[in-house]
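Asker:
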Amino acid sequence: MHNIYDCVDAFSRLLDKQYKIVVGRKGVARTLYINFAKSDCFHLMGLQYLKDREELNKDRAKIFDEIKDRKIDAGHIEKSSFYGKIQDRIDMLPMLEMLFDSNDTIFKYNSHQNSFSMIQADYLMKNTIEMKNIFVFLSQESDNEYFCRSFFAQDKVDYSANQSKWTLLYKEKIDKSSGEKEILYDRLKKS
242 MHNIYDCVDA FSRLLDKQYK IVVGRKGVAR TLYINFAKSD CFHLMGLQYL KDREELNKDR
302 AKIFDEIKDR KIDAGHIEKS SFYGKIQDRI DMLPMLEMLF DSNDTIFKYN SHQNSFSMIQ
362 ADYLMKNTIE MKNIFVFLSQ ESDNEYFCRS FFAQDKVDYS ANQSKWTLLY KEKIDKSSGE
422 KEILYDRLKK S
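Remember, the numbering used here sits 241 above the position in the sequence shown when you count from 1.
#1: For L410 and T346, I'd like the C-alpha separation in whole angstroms.
#2: So N344 and N368 are in contact, right, with Cβ under 8 Å, and what is the actual spacing, rounded?
#3: Helix, strand or coil for K261 per DSSP?
#4: Can you grab the Cα-Cα spacing for the pair G420 / K414, in whole Å?
#5: Is the distance from the Cβ of R301 to the Cβ of S280 below 8 Å?
#6: State the CB to CB distance for the pair R254 and E338, rounded to an integer number of angstroms; the pair is presumed to be in contact (CB under 8 Å).
#7: With D411 as the anchor, note down where its beta strand (DSSP E) starts and where it stops.
#8: Take I308 and list the residues in its own chain whose beta-carbon comes closer than 6 Å to its own, dropping the five residues that flank it on each side.
#9: How about the segment 397-405 and the segment 288-298: do they share at least three Cβ pairs that are nearer than 8 Å?
#10: Could you compute how far the alpha carbon of V377 sits from the alpha carbon of Q361?
#11: Compute the beta-carbon to beta-carbon distance between D257 and K417, rounded to the nearest angstrom, for a pair I have assumed lies under 8 Å.
#12: So what's F323 in DSSP terms, helix, strand or just coil?
#13: If you follow the alpha helix (DSSP H) that K367 is part of, which residue opens it and which one closes it?
#14: With a cut-off of 8 Å on the beta carbons, I'd call L365 and F348 a contact; round off their distance for me.
#15: Please go through the same chain and pick out, in chain order, the residues whose beta-carbon is closer than 7 Å to the beta-carbon of R266, but skip the five residues on each side of it.
#16: Which partner residues does N374 have in the DSSP bridge list?
#17: Just tell me which of R428, K299, Y260 has its CA closest to the CA of D342.
#18: Alpha carbons only, please: which of K299, H317, M286, Y426 is nearest the one belonging to D332?
#19: So, helix, strand or coil for A278, using DSSP?
#20: Per DSSP, which residues does A394 bridge with? Please list them.
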């Protein structure tokens, strides 16, 4: 079982990474650049659901730093009455980089198809980790720049049902500091 320290430590490695993903459908190609920010980690862990933890009622980037510096106690967070609601997220979030590195299933997300949900996103990534379907929702920040809006394991509802599946054409992981690029998938390369 993972804890909030594991989540923040794993997410820290993504702060200097960017993913470039090219998807296509019916002759149309789209390029998505996915970035990661400290403030995104709070929501991905589901900490907004822990209403009984006052130490989580401040700037989300600051909470990230306080967890990283061990100023927020993981044991205290786990004593929240609502912790059971986020345990799956906490357990899976340290695998987010692995999910991005290996994922090849992307849908254009239409929230009207899932009217039961409040999630507003542009794309949905679906992957299977430890025999569980994992969903990552991507939202547009600007132009072709995207961020992770939400992340969780499938419970009863398959959020990919009735969504338009796009074909992965190309994916690379970019180290923003060094500029190094690692090609993870290339369907566009001519043999």
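Glycine included, every Cβ here is placed at the ideal spot set by N, Cα and C.
Note that the structure is predicted; figures quoted are calculated from it, not measured.
Answerer: Short version:
#1: 11 Å
#2: 4 Å
#3: strand
#4: 10 Å
#5: yes
#6: 6 Å
#7: Per the sequence shown, residue 411 should be read as Tyr rather than Asp. Here the beta strand (DSSP E) through Y411 covers 405-416.
#8: I245, V249
#9: no
#10: 12 Å
#11: 5 Å
#12: coil
#13: K367 -> not in any alpha helix (DSSP H); beta strand (DSSP E) instead, spanning 364-370.
#14: 4 Å
#15: S405, W407, T408
#16: T369
#17: Y260
#18: M286
#19: coil
#20: I375
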